[in-house]
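2 protein chains.
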Amino acid sequence: MAHDEFSLIRQWTSRSDGQEGDGLTVGLGDDAAVFSPSPEMEIVACCDAMVETVHFLKETMRPSDIGYKAVTSNVSDVAAMGGYARYALVSIAVAPHWTPEECQGIYDGIYAACDMYGVKVIGGDTVSAPDALHLSVTVLGEVEKGRPIRRSHARAGQAVFVTGHVGSSAAGLHVLLQDRQEQQSVTEWSGRWAKLIAAHQRPVAQVKAGRLLLESGVCGALNDVSDGLASELWEIAEASSVSICVDAALIPIEEEARACALQFGKDPVEWAFYGGEDYQLVGTIEASEVDAVRERFAAAGILFSVIGAVEAEQTAAPKLSLRTGESRTALPKAGYNHFKRRE
Amino acid sequence: MAHDEFSLIRQWTSRSDGQEGDGLTVGLGDDAAVFSPSPEMEIVACCDAMVETVHFLKETMRPSDIGYKAVTSNVSDVAAMGGYARYALVSIAVAPHWTPEECQGIYDGIYAACDMYGVKVIGGDTVSAPDALHLSVTVLGEVEKGRPIRRSHARAGQAVFVTGHVGSSAAGLHVLLQDRQEQQSVTEWSGRWAKLIAAHQRPVAQVKAGRLLLESGVCGALNDVSDGLASELWEIAEASSVSICVDAALIPIEEEARACALQFGKDPVEWAFYGGEDYQLVGTIEASEVDAVRERFAAAGILFSVIGAVEAEQTAAPKLSLRTGESRTALPKAGYNHFKRRE
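Sequence order for the protein chains is H and B.
Each residue of the first sequence is one higher than the last, beginning at 1 in UniProt numbering.
Each residue of the second sequence is one higher than the last, beginning at 1 in UniProt numbering.
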């Protein structure tokens with residue numbers, strides 16, 4: 001960045017001044033950040049990129065939504081290990097058609113999400129891009145030593161569960177893209193579909209659910225729903241060498257998403273399986289512990305739904321199937337391949 | 001990425017299979033990586049992005065050079081804290097005009113650098129980009145608790161030093177861009193200027209020098225030369241509230257860089273101050289310890305040059321000046337603003 005731009009970056013990241021302490025010994029403003037992990041904890045590290053026109057459009061996401069979601073998608077990955085996030089490094093490549101105010105908006109969203117998840121921005125890089133804005137966030141978190149929840153630990157006989165509702169983000173995106181085609185302003189839709197649009201623009205990572213699952217000690221495999229239920233369940237099936245069967249009637253789909261699907265002639269179950277970006281947690285638990293875990297979730301006010309079961313362990317050919325009434329169909333893996341391909 | 005592309009990514013990153021152990025409890029292939037830091041060490045974290053047309057061109061960097069340099073620039077940041085790198089997360093956004101073979105080349109360069117620095121790739125994200133390739137790497141390293149070398153700890157009376165040679169990378173870039181303008185092939189130049197071209201394409205992070213400086217216990221401030229000596233010394237001067245004076249005659253410039261500058265009618269000292277990407281270390285040490293540190297570096301076979309001194313501490317107006325013979329001029333901060341602006 002040129003020097004006049006450098007002062008802008010300072011301004012965007014000014015929220016991170018004077019943040020040292022609580023384990024952080026060097027924050028922003030040196031070659032690298034330095035921190036001490038908490039005793040008895042391991043470090044959880046992940047990284048997610050969002051690219052303009054591939055993962056979002058200016059018409060479907062406000063700048064602050066983009067920043068917020070970039071943090072959420074990473075915190076969600078940490079939650080899917082049973083951990084919690086502590087630090088973020090933000091790499092942003094700004095294209096010429098993004099104004100300083102819009103960039104400030106992205107950082108506002110980043111900091112809003114960081115505040116919510118208790119995360120400090122400790123580093124990053126700000127550069128120019130020729131064409132599309134790129135935002136890549138690395139999040140570092142913590143999890144109890146030897147306790148991270150793997151996606152490879154599903155076992156035959158376990159119940160398959162999901163937290164919250166799924167398909168809402170895809171429903172919200174559908175509304176936003178429809179809106180874009182019809183040249184209507186977002187506000188016209190926002191009244192009726194505000195909840196779905198918020199699910200797409202401001203998804204929330206399920207940190208508390210992940211912590212409950214880790215503490216329960218009975219969680220087998222765990223994934224976050226970034227690419228749709230089909231893709232996440234396939235990952236668990238393949239990593240664990242098991243087959244999974246889920247029941248369409250048990251998938252927790254919000255009333256608004258069903259109404260939206262009805263209005264646009266869509267299938268809300270398809271949104272749940274191939275939509276993605278719900279950032280709920282999907283996984284397996286010991287069948288005998290379902291009631292106990294359900295009680296823990298109820299006490300925490302988090303929706304918890306058993307949606308199926310892990311079937312025979314197989315080393316050669318893991319499978320994912322969907323039961324709808326009496327019939328049973330194999331579900332293909334191909335999920336959410338970024339909305340550019342779905343328009 | 002679509003699913004046919006997923007198998008390619010697996011192939012690119014296959015080098016990271018089965019790498020768990022030695023502190024790494026979860027490697028690639030789950031929602032996030034998990035590792036235990038070494039006892040008595042703090043975590044060092046940094047992030048650098050490289051964007052096609054802004055930081056490199058296909059004509060000046062082979063794919064493997066791009067991957068290699070992206071890792072080096074981060075490892076160099078860790079070295080500038082006195083630490084060493086351990087893990088990397090690679091976020092890559094691939095534009096349509098990059099072939100799978102070229103992407104494999106980028107990863108080959110990433111792994112070549114990682115092998116050299118003892119770094120494991122433990123995570124990342126691979127996505128599509130509409131136009132230019134973006135590569136953002138996060139590196140996590142370690143440094144002894146309470147020992148990281150800050151850029152804010154320069155004190156009046158300390159000597160200013162730099163490791164290795166500076167300006168070579170800028171000289172190499174000049175040759176490559178000249179070559180591009182004249183439509184000559186790189187091989188025609190490589191005979192005479194191979195060393196300078198290598199300095200630009202395959203710079204090496206000064207991890208050992210950083211460790212020597214930390215172990216010496218007499219290093220004040222430290223930076224790595226990513227943006228040219230002027231920018232790095234200004235950062236130290238401002239962060240430490242001091243003025244710095246360097247002597248043009250003491251700047252370690254390679255014979256080849258001087259010859260190259262002569263041939264192209266350029267000033268090699270300007271390359272050293274405003275070129276960048278040398279990834280040497282520049283900093284300050286106690287003046288009384290110069291001989292002892294020089295001996296340590298000589299024993300390690302690393303060039304160590306005292307180039308100036310820290311002058312009066314000032315809270316209000318830090319300064320950077322250059323002595324050339326009897327005259328003394330103020331050096332502006334503006335340094336290396338990516339070669340796009342310099343063509």
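Every residue, glycine too, gets a C-beta built ideally from N, C-alpha and C.
Just so it is clear, the structure is predicted and the values come from calculations on it, not from any experiment.
Asked: Contact list for B:K145 against chain H, beta-carbon separation under 7 angstroms; Found: S36
Asked: Opposing strand residues paired with residue 405 of chain B [DSSP bridges]; Found: Lying before the first or after the last residue shown, residue 405 of chain B is absent from chain B, which here runs from 1 to 343.
Asked: Close Cβ partners of B:P63 (< 6 angstroms) along its chain, the five nearest in sequence each way excluded; Found: E102, G105 and I106
Asked: Contact with chain B by H:T53, beta-carbon distance below 9 angstroms; Found: yes
Asked: Under the three-state DSSP convention, the category B:L229 falls into; Found: helix
Asked: Cutoff 6 angstroms; reference B:A204; Cβ partners in own chain excluding five residues on either side; Found: Checking the displayed sequence, the identity of residue 204 of chain B turns out to be Val instead of Ala. Nothing meets the Cβ criterion.
Asked: Residues bridged to B:L57 [DSSP beta-bridge criterion]; Found: DSSP lists no partner for B:L57.
Asked: Sub-9 angstroms separation of H:G256 and H:A171 beta-carbons; Found: Sequence check: residue 256 of chain H is Glu here, not Gly. Going by C-beta atoms, H:E256 is nearer than 9 angstroms to H:A171.
Asked: Nearest to H:W193 (by Cα), restricted to the options H:E254, H:V94 and H:I92; Found: H:E254
Asked: Simplified DSSP state of H:T138, which is helix, strand or coil; Found: strand
Asked: At least three beta-carbon pairs within less than 8 angstroms, the region 147 to 161 of chain B to the region 284 to 291 of chain B; Found: yes
Asked: Short CB-CB distance (under 9 angstroms) between H:R150 and chain B; Found: yes
Asked: Assumed close pair H:V290, H:R155 - CB separation to whole angstroms, cut-off 8 angstroms; Found: Incorrect: roughly 14 angstroms between the Cβ atoms, too far for contact.
Asked: Beta-carbon proximity list for B:C260, same chain, < 8 angstroms, skipping 5 on both sides; Found: A171, H174, V175, W193, L196, K266 and P268
Asked: Residue burial classification, H:R328 (beta-carbon count within 10 angstroms, cutoff 16); Found: exposed
Asked: DSSP three-state assignment for B:N337, whether helix, strand or coil; Found: Only weak support exists for where B:N337 lies, its pLDDT of 39 falling under 50; the value from the coordinates is given anyway. Coil.
Asked: Counted within 10 angstroms of its Cβ, other Cβ atoms place B:K145 as buried (16 or more) or exposed; Found: exposed
Asked: Exposure of H:A300, with buried meaning 16 or more beta-carbon neighbours within 10 Å; Found: exposed
Asked: Where the beta strand (DSSP E) containing B:L133 begins and where it ends; Found: B:L133 -> no beta strand (DSSP E), and no H or E assigned at all.
Asked: Residue closest to B:R211, alpha-carbon to alpha-carbon, out of B:A45, B:G308 and B:I302; Found: B:I302
Asked: In DSSP terms, what B:A309 is bridged to; Found: B:A159 and B:C245
Asked: DSSP beta-bridge partners of H:F273; Found: Answer is none; H:F273 lacks a bridge partner.
Asked: Contact list for H:L140 against chain C, beta-carbon separation under 7 angstroms; Found: Among the protein chains in the structure shown, which are H and B, there is no chain C.
Asked: Identified DSSP bridge partners for B:K145; Found: Answer by DSSP bridge pairing: none, since B:K145 is not bridged.
Asked: Neighbour flag for B:S14 against chain H, beta carbons, 9 angstroms; Found: no
Asked: Pairwise C-alpha distance: B:G228 and B:N337; Found: Per-residue confidence for B:N337 stands at a pLDDT of 39, beneath the threshold of 50, marking its modelled position as unreliable; no derived number is given.
Asked: DSSP beta-bridge partners of H:C46; Found: H:V139
Asked: Pairwise C-alpha distance: B:S91 and H:S91; Found: 10 angstroms
Asked: Where B:G191 sits in the DSSP three-state scheme; Found: helix
Asked: Outcome for H:T13 when other beta-carbon atoms lying within 10 angstroms are tallied against a minimum of 16; Found: buried
Asked: Minimum Cβ-Cβ distance from B:D278 to chain H less than 9 angstroms; Found: no
Asked: Backbone secondary structure at B:R86 - three-state DSSP; Found: strand
Asked: Any 3 or more C-beta pairs closer than 8 angstroms across the region 32 to 48 of chain H and the region 28 to 43 of chain B; Found: yes
Asked: Contact list for B:E42 against chain H, beta-carbon separation under 7 angstroms; Found: T25, V34, F35 and S36
Asked: Residue span of the alpha helix (DSSP H) that contains B:D22, given as start and end; Found: Premise fails: B:D22 is in no alpha helix (DSSP H) and is neither H nor E.
Asked: Closest by C-alpha distance to B:R323, when choosing among B:A249, B:M41, B:I110 and B:C219; Found: B:A249
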